[in-house]
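Down below is the structure, laid out as structure tokens.
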Amino acid sequence: MLFEQQHDSNSSAVSATYLVIGAGTAGLSFIDSLLTLDANATVILVDRNSQPGGHWTKSYPFVKLHQTSCNYGVNSLPLSNIRDKKGNERFSVHDLATGQEILDYYAQVVEQFRACGRVHLYFNCEYSKDDSGNHLVTNIDTNEVTRISCKKIVVVHNNVLVPSMRNGAPFPIDSSINYAPLNDLPTHIESKQYKKYCVIGAGKTGSDAITYLLRNGVDQSAITWITSRDVWYFVRDGLWGGYKTFRKDTVKLLDPLVKCKTLLDVMLQYEKDGMMARIDTSTMPKVFKGATIDKSELAGFRSIKDIVRMGRVTSITSDEIKLERGTVPLPASPVDTFFVDCMADLDGSFYGYRHPEGFKIFDGNQINLGPSIVSFNFSCSSAVIAYIETVFEDDSDMRNNLLYFPAGEEHTKPTYKLFFNQFYFQCKVFAALGTYPPAMQFVLNSRTYLDAPCHHYMGMPGLLWAMFGPMQLAKKANKFVERVESGDFPDCQD
């Protein structure tokens, strides 16, 4: 689908209430809820890509969501095809939209924006300011410049990087080496040109590459996996059983937060219960980014015999791979080996999301999206921020006091503590919003909220029974917050 631009002459400014920079998940979710909540809001949306979807526009052809489809995207449009009799999207642990389905979905979202008549679209454009502070939008192909007038600007702060967005390897490689992002992997497997595949990277992208190789007939003996750091994985079919057991399964997440002495003990209990996993149980991973796999994928990972754990690759010559802590020979000759680039976030951040101390979401006439105020859920986080923008008094300090999120280099490192950070701050946000009941009603009615009653068995009665009945989920969550704030976890003193 072609997303044409809506230009006006350079002599007069195009006006709107909000100027939003970025048509990825965060920006689109914010606009969607904004338009629903404020009938008078108008928006100018600018993105450097030719279509909506952010990093999804650059993703590999076999990519899928690692989280469930029922709560991904925007509030006004369902993504999942699994529905109940009322048409509500039903939670299913195996309902994972493909990359193309997500791009098609976001195309529909933008068409809704266009149809409402309150959104001007500027794709394939760059945003800038001139020396006088005027907002400018420049078409990348034609260099046509449009001046923008707005009351507020909304900026998405992230540096999400997928391998295909890089121009070549981020380290020196010999000219004889066959090296490409995993976008090219299906073509090379089909060609049967290579005897060996060397996958570089162990996060979501690397794990997807390993699974794709194994499920497309490549034997584990033909795979070398370079993992700079071992990681923790969520195991989706160990964490969640299904539609009817979601609330009961949540107890397994909260009980260790109340009972275990340290956060690391909690992770190990999750592993014992089958909800978390590491490839090598003799090695304690230092990294957790929320990558989610299933039990069959885990078995595939553990079948790989040639896993290299010597830090990051520093260079590849015609006969060896040089790493931070050693050197290994090429798996085969250069002509017989294909190197698969699955590296991301070389700055060591959480998928490019790193926010400094003092970062403010509401800052005068600027709204800064990026922090996850709902645990591992940028769709719902942006929807909640749009709600606060439209409903609460226009007081930045008051609004920011409702919002809690990890900030500062130490708190945004993707270690195992990140999961607990995210959940702790989500509890704080919901407690703050809970002082104004309509705000929590908005959250509970949002399809982007994983725990929303519409997605689960018995709906609202089921949620209330889980929160305040024998499962006592609310009490356990509050106890976890209390333990964190009282310093009860020795490994959570910072």
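If you count the sequence shown from 1, you need to add 810 to reach my numbering. In this text, a Cβ means the ideal position worked out from N, Cα and C, and glycines have one as well.
Between the C-alpha atoms of residue i and residue j, what's the straight-line distance to the nearest angstrom?
i	j	result
Ser1189	Met1094	31 Å
Ser1076	Ala849	At residue 1076 the sequence reads Val, which differs from the Ser that was named. Cα to Cα, the separation comes out at about 46 Å.
Ser1182	Thr952	36 Å
Lys1096	Lys868	28 Å
Asp1173	Cys1237	23 Å
Pro862	Gly832	9 Å
Asn944	Val824	12 Å
Leu931	Ile841	12 Å
Asn820	Ser959	Low confidence applies here, because Asn820 scores a pLDDT of 49, under 50, leaving its location unreliable and the question unanswered by this model.
Asp900	Ala1262	Asp is not the amino acid found at residue 900; the sequence shown has Arg there. Cα to Cα, Arg900 sits roughly 10 Å from Ala1262.
Lys1105	Ala1284	30 Å
Gly1121	Cys1008	15 Å
Ala979	Asp1116	22 Å
Val1253	Gly1136	50 Å
Ser1191	Ser839	9 Å
His1165	Gly1180	8 Å
Val920	Gly864	13 Å
Lys939	Lys961	15 Å
Phe923	Tyr915	13 Å
Asn1026	Ser1001	12 Å
Gly883	Leu1024	30 Å
Gly1297	Phe1235	16 Å
Thr1091	Asn977	36 Å
Asn988	Ser1125	13 Å
Trp866	Ile854	21 Å
Glu1292	Phe1299	10 Å
Phe1169	Glu954	33 Å
Tyr1349	Thr1015	No information on residue 1349 is available, as it lies outside the stretch 811 to 1304 that the chain covers here.
Trp1050	Lys895	22 Å
Gly1100	Asp941	42 Å
If I measure Cβ to Cβ from residue i and keep anything under 8 Å in the same chain, skipping five residues before and after, which residues do I get?
i	result
Leu1108	Tyr1043, Val1045, Ala1087, Ile1089
Ile950	Arg858, Asn934, Cys935, Glu936
Cys926	Leu845
Gly1272	Arg1057, Pro1263, His1266
Asp1301	Thr1072, Leu1073, Leu1074, Lys1227
On the premise that residue j lies in contact with residue i, defined as a C-beta separation below 8 Å, what is that separation, rounded to the nearest angstrom?
i	j	result
Val947	Tyr937	6 Å
Leu847	Ile963	Not confirmed; about 19 Å, so no contact.
Ile1171	Leu1133	About 39 Å separates the two Cβ atoms, so there is no contact after all.
Phe1111	Ser1017	7 Å
Asn1187	Leu1243	Not really, about 15 Å apart at Cβ, beyond 8 Å.
Met1270	Val1061	Wrong, their Cβ atoms sit about 19 Å apart, outside the cutoff.
Glu1130	Val1118	No, Glu1130 and Val1118 are not in contact; Cβ-Cβ is about 12 Å, not under 8 Å.
Leu887	Gln918	6 Å
Val965	Gln1176	6 Å
Return yes when the Cβ of residue j is within less than 7 Å of the Cβ of residue i, no when it is not.
i	j	result
Val1123	Phe981	yes
Thr1037	Ala1012	yes
Val1068	Lys874	no
Ser1113	Ala1193	no
Lys1289	Leu1073	no
Lys1058	Tyr1267	no
Asn1210	His967	no
His1265	Thr1102	no
Thr1258	Asn881	yes
Val1150	Ala1249	no
Ser986	Ser1185	no
Ala836	Thr852	no
Ile892	Ser902	yes
Ile983	Met1153	no
Gly1218	Glu1167	yes
Sorted by chain position, which residues of the same chain lie with C-beta nearer than 7 Å to residue i's C-beta, five sequence neighbours on each side aside?
i	result
Ser879	Leu889, Ser890, Asp905, Leu906, Ala907
Pro996	Pro871, Phe872
Val1028	Ile999, Tyr1007
Ser843	Asn885, Ala1193, Ala1196, Tyr1197
Gly1084	Val1045, Gly1048
Tyr1246	none
Cys1070	Val1076, Gln1079
Closer than 6 Å to a non-hydrogen atom of the ligand NAD - does that hold for the CB of residue i?
i	result
Glu899	By its list of ligands, the structure shown contains no ligand whatsoever, and the ligand NAD lies outside what it can speak to.
I'd like the list of long-range same chain contacts for residue i, defined as Cβ closer than 6 Å, with 5 residues on each side in sequence excluded.
i	result
Pro1216	Thr1222, Asn1231
Phe1233	Ser1185
Gln1030	Ser1113, Ile1114
Val856	Ile831, Tyr932, Cys935, Tyr937, Val947
Lys1005	Ala1142, Asp1146
Asn898	Cys1264
With a threshold of 7 Å between beta-carbons, can residue i be considered close to chain C, or not?
i	result
Glu911	Here chain C cannot be found, since the structure has a single protein chain.
Cβ contact check for the segment 1199 to 1219 and the segment 984 to 997: 3 or more pairs under 8 Å: no
Does the segment 964 to 975 come close enough to the segment 1132 to 1149 to have 3 or more Cβ pairs within less than 8 Å? no
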